[in-house]
Amino acid sequence: MTKFELALGLSQREYEAICAGLHREPNELELGLFALNWSEHCSYKSSKRFLKLLPTTGKRVLQGPGENAGVIELENGWCVAFKVESHNHPSAVEPFHGAATGVGGIIRDILSMGARPIALLDSLRFGEFSDPKARRLCVGVVSGISHYGNCVGVPTVGGDIYCDDAYADNCLVNVMCVGLLKKSELKRAIAQGVGNKILLVGALTGRDGIHGATFASEDLVGETEAKRPNVQVGDPFTAKLLIEATREACQLPELIGLQDLGAGGLSTAPAEMAARGGVGIAIDIEEIPLRDPTMTPYEILLSESQERMVLCVRAGSEQKFLQIYRKWGLAVAVIGEVIAERVYRVRHEGRTIAEVPISLLVGGAPEPDFVRIAHRTARGGTMRPAAEAHSALHGDRSWCEALKRLLHSPTIGSKRWVWEQYDHMVQINTVIGPGAHDAAVLRVKGERFALAVTLGGNGRYCALDPYEGGLRAVCEAVHNLLSVGAEPLGITDCLNFANPTVPEVLWAFEQVIRGMADAARAFELPFVSGNVSFYNQSETRKIHPTPIVGMVGLLRDIECRVPMGFQREGDQIYLLGKLSGKVGGSEYLKVFYDAWGDALEPTDLELERKLFQTMLTLAQQRLLHSAHDVSDGGLLVAIAEKSFVRGLGAHLELDDLSEGNLFGEWPTRFIVTVAPEREDALTELLQSGGVPYRRLGTVAGDALEIAGERILVEELRQAYETALDL
Numbered sequence: 010m011t012k013f014e015l016a017l018g019l020s021q022r023e024y025e026a027i028c029a030g031l032h033r034e035p036n037e038l039e040l041g042l043f044a045l046n047w048s049e050h051c052s053y054k055s056s057k058r059f060l061k062l063l064p065t066t067g068k069r070v071l072q073g074p075g076e077n078a079g080v081i082e083l084e085n086g087w088c089v090a091f092k093v094e095s096h097n098h099p100s101a102v103e104p105f106h107g108a109a110t111g112v113g114g115i116i117r118d119i120l121s122m123g124a125r126p127i128a129l130l131d132s133l134r135f136g137e138f139s140d141p142k143a144r145r146l147c148v149g150v151v152s153g154i155s156h157y158g159n160c161v162g163v164p165t166v167g168g169d170i171y172c173d174d175a176y177a178d179n180c181l182v183n184v185m186c187v188g189l190l191k192k193s194e195l196k197r198a199i200a201q202g203v204g205n206k207i208l209l210v211g212a213l214t215g216r217d218g219i220h221g222a223t224f225a226s227e228d229l230v231g232e233t234e235a236k237r238p239n240v241q242v243g244d245p246f247t248a249k250l251l252i253e254a255t256r257e258a259c260q261l262p263e264l265i266g267l268q269d270l271g272a273g274g275l276s277t278a279p280a281e282m283a284a285r286g287g288v289g290i291a292i293d294i295e296e297i298p299l300r301d302p303t304m305t306p307y308e309i310l311l312s313e314s315q316e317r318m319v320l321c322v323r324a325g326s327e328q329k330f331l332q333i334y335r336k337w338g339l340a341v342a343v344i345g346e347v348i349a350e351r352v353y354r355v356r357h358e359g360r361t362i363a364e365v366p367i368s369l370l371v372g373g374a375p376e377p378d379f380v381r382i383a384h385r386t387a388r389g390g391t392m393r394p395a396a397e398a399h400s401a402l403h404g405d406r407s408w409c410e411a412l413k414r415l416l417h418s419p420t421i422g423s424k425r426w427v428w429e430q431y432d433h434m435v436q437i438n439t440v441i442g443p444g445a446h447d448a449a450v451l452r453v454k455g456e457r458f459a460l461a462v463t464l465g466g467n468g469r470y471c472a473l474d475p476y477e478g479g480l481r482a483v484c485e486a487v488h489n490l491l492s493v494g495a496e497p498l499g500i501t502d503c504l505n506f507a508n509p510t511v512p513e514v515l516w517a518f519e520q521v522i523r524g525m526a527d528a529a530r531a532f533e534l535p536f537v538s539g540n541v542s543f544y545n546q547s548e549t550r551k552i553h554p555t556p557i558v559g560m561v562g563l564l565r566d567i568e569c570r571v572p573m574g575f576q577r578e579g580d581q582i583y584l585l586g587k588l589s590g591k592v593g594g595s596e597y598l599k600v601f602y603d604a605w606g607d608a609l610e611p612t613d614l615e616l617e618r619k620l621f622q623t624m625l626t627l628a629q630q631r632l633l634h635s636a637h638d639v640s641d642g643g644l645l646v647a648i649a650e651k652s653f654v655r656g657l658g659a660h661l662e663l664d665d666l667s668e669g670n671l672f673g674e675w676p677t678r679f680i681v682t683v684a685p686e687r688e689d690a691l692t693e694l695l696q697s698g699g700v701p702y703r704r705l706g707t708v709a710g711d712a713l714e715i716a717g718e719r720i721l722v723e724e725l726r727q728a729y730e731t732a733l734d735l
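Shown next, in the form of structure tokens:
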């Protein structure tokens, strides 16, 4: 076996760069270290050039990109830590454990910032449910998420699911975690102070997950059974103990830094901590607690066994930390120390068996040649939809029947089957949970303010127009928070794409980022954390460009939260924002025409800004009885969703009954209701804010009625609630 075969994922050029940096050839163990640290998953070598385009600073930002999670300041000394990551490849191979360990990993990212994890959200993509494989993957993924989240005691409060043939071979499992901390509790993943000690805490180290990061940095091709050893196995009960023990350890002043052991395990985390502190680290391999004493140093360092963390503590304080973790029944050991030489040194029984410069190992991966080439040659390229585009709508079907069928689409329909498996009330912070609104709302105990959180994205938009799709992904997250009355504060993202060596894919990646960046600047919102997942393709298909955007917002008064559904008969229904647009990219076109549409309606960022401020003002003045943004499915789907909450119907007065107007998904729209006696106050605010509006009708009865045609809300609900019956 050659060294190139041993070092999964390293190119000839990268191997030569390693030799040049070391001034010698690496040994097998050192090559394994570089394979993990220089993998796409860990190094971002193909994406970091483009990620620099995203705005990352703001007045509330305490920690931006570069740590385990981003941190935004709230009120009264409280802060929120949040991040989203992918576990796509592991979930495609072993859906239960792949999804479960994705939950565990993101929880530890939040924990390592000194925060208590308080909520999870998941954004999932599968093939069409007519395919048994897609149904099997969905059942396995949802079971894994619910098992881990429920057992560890962190509620799953939101997310989304889309079904599309583009994800038939590569399902997407993106998980976001949100945590609360006081400003004084903020921690960093850093090692400092020569002579200070390195501790490994949590679970025992085993052989699971070896080369997991390199597995996530290549196309998912070939026999999936052979890739099962790359998938880690999680233990949520150990994770719960780790949370409580680490929260206790964080109170000790001798704690200098802590880092989650995620991708790459001990091959990456200690080196990253040393890089942040400008020091080196020496590890004694024989001190690491093992599940199997026959493990080799290569297996020990590259293992991705779950529920483990690395701590850097002040020399002489080790016993305090050992006592805490032993009290909680966890493995703990002093495995090394901080050294002056800026190297990662691995020792075995007093003998150095690997030593590499920190600067070369961390951040030293050369940018691939294809990035520079594609950046120059692929600009201005176009995505080619798999289905032929159609612009002319010609259906003569009843709007009632069209609405029923659309509500029964798995992408549009109720996700109750999923979220009823999640414990979304544990920790008793959940005020608005899954299925109840566009965003979840979480109380901060003892405070008047609350958090609003959301996670989602639409890959079909990005396949049609990656710039507009990226822009819409941010705007949609903003809309979700505004719908509950919250002010958006910060963004995290997970960028899911196919093979970046394909120029078209890398061009789409850049365009998506440019769209996201322009939207974020329009709202003055920073990106504080994120993740990139490339190589989501098989021999036969690649996924849509799929940016998933997570966002947190501040609801200054929890009593001012705005409901989603119709609240009482007689309320007046209004449409705010962009009153007409193109139908391209809609679920309606997909369901009824198996088409995408020629183009997306461009987003008007100036109108978005006006609507942003107006919606906040309307919520603060308590003018709104309900609010819901118009997104997937279009106008009638949004109205139907509002009717399901209390079973109230509506008499709608619509001039345009075309398919495009009823089911188009152009951006920048909200449907709100207001008491009749406050209509004048509403319209006055809209006019002063420069926001277009149109009265749609009145909340009334138990059916939706348009131009003499009516359908019972209960009949629509039946179609909606049975869409995802797995």
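For what it's worth, the working numbering labels the leading residue of the sequence shown as 10, then goes sequentially. For glycine and all other residues, C-beta sits at the position ideal for the given N, C-alpha and C.
Whole-number beta carbon distance between residue j and residue i, since they are thought to touch under 8 Å
i: Gly579; j: Val708; result: 7 Å
i: Met573; j: Val654; result: 6 Å
i: Val184; j: Leu129; result: 6 Å
i: Pro554; j: Gly468; result: 6 Å
i: Phe536; j: Ala528; result: At roughly 11 Å, the Cβ-Cβ gap does not stay under 8 Å, so Phe536 and Ala528 are not in contact.
i: Val571; j: Ser635; result: 7 Å
i: Val462; j: Leu504; result: With a Cβ gap of about 19 Å, Val462 and Leu504 do not count as contacting.
i: Val208; j: Val319; result: With the sequence shown as reference, residue 208 is identified as Leu, and Val is not the correct amino acid for it. Indeed, because the Cβ distance is near 7 Å, the residues count as touching under 8 Å.
i: Gln436; j: Ile81; result: Incorrect: roughly 20 Å between the Cβ atoms, too far for contact.
i: Gln629; j: Gly698; result: So it is not a contact: roughly 13 Å between Cβ atoms.
Residue i versus the options, residue with shortest Cα-Cα distance
i: Ile170; options: Thr420, Gly699, Gly478; result: Thr420
i: Phe672; options: Leu250, Val511, Arg134, Lys413; result: Lys413
i: Glu650; options: Trp337, Pro535, Ala529, Leu416; result: Leu416
i: Arg457; options: Leu83, Val365, Cys409; result: Leu83
i: Tyr334; options: Ala258, Pro475, Tyr157, Arg452; result: Ala258
i: Gly710; options: Val365, Thr361, Leu564, His660; result: His660
i: Leu625; options: Lys599, Ser100, Phe679; result: Phe679
i: Phe379; options: Cys471, Ser55, Thr612; result: Ser55
i: Leu614; options: Leu721, Ala198, Arg481; result: Arg481
i: Glu662; options: Ile582, Ile154, Tyr702; result: Ile582
Per-residue DSSP class, three states only, for residue i
i: His637; result: strand
i: Trp87; result: strand
i: Asp665; result: coil
i: Lys505; result: For clarity, residue 505 is Asn in the given sequence; the question names Lys instead. Three-state DSSP puts Asn505 in a strand.
i: Ile715; result: strand
i: His156; result: helix
i: Lys68; result: coil
i: Thr677; result: coil
i: Cys28; result: helix
i: Lys336; result: helix
i: Arg317; result: strand
i: Ser95; result: strand
i: Pro556; result: strand
Separation of residue j from residue i, as counted between CA atoms
i: Ile116; j: Asp269; result: 9 Å
i: Arg144; j: Gly211; result: 34 Å
i: Tyr602; j: Gln696; result: 38 Å
i: Thr386; j: Ser418; result: Residue placement at Thr386 is poorly supported in this model, since its pLDDT is 46, which falls under 50; the coordinates still yield a value, given next. Cα-Cα distance, rounded: 39 Å.
i: Phe518; j: Ile567; result: 38 Å
i: Ser139; j: Gly86; result: 50 Å
i: Ser326; j: Ile290; result: 18 Å
i: Ala254; j: Leu588; result: 54 Å
i: Gly204; j: Gly345; result: 9 Å
i: Leu620; j: Gly586; result: 7 Å
i: Ser368; j: Ala284; result: 7 Å
i: Gln727; j: Gln430; result: 20 Å
i: Leu609; j: Val151; result: 32 Å
i: Glu548; j: Glu137; result: 18 Å
i: Lys61; j: Val93; result: 18 Å
i: Cys88; j: Glu25; result: 45 Å
i: Asp734; j: Trp426; result: 6 Å
Proximity test, Cβ basis, 9 Å: residue i and chain D
i: Glu84; result: No chain D is present in this structure, which holds just one protein chain.
| task | Any chance you could list the beta strand (DSSP E) runs of at least 3 consecutive residues sitting entirely within the stretch 265 to 294, in chain order? | result | For the stretch 265 to 294, whole beta strand (DSSP E) runs of length 3 or above, ordered along the chain, are 289 to 293.
| query | Counting only runs that start and end within the stretch 167 to 194, where is the beta strand (DSSP E) found for 3 or more residues in a row? | reply | You should have 181 to 191.
| message | What ranges does the alpha helix (DSSP H) occupy inside the stretch 454 to 518, keeping only unbroken runs of at least 4 residues that lie completely in it? | response | With a minimum length of 4 residues, the continuous alpha helix (DSSP H) runs that stay inside the stretch 454 to 518 are 468 to 473, 475 to 492.
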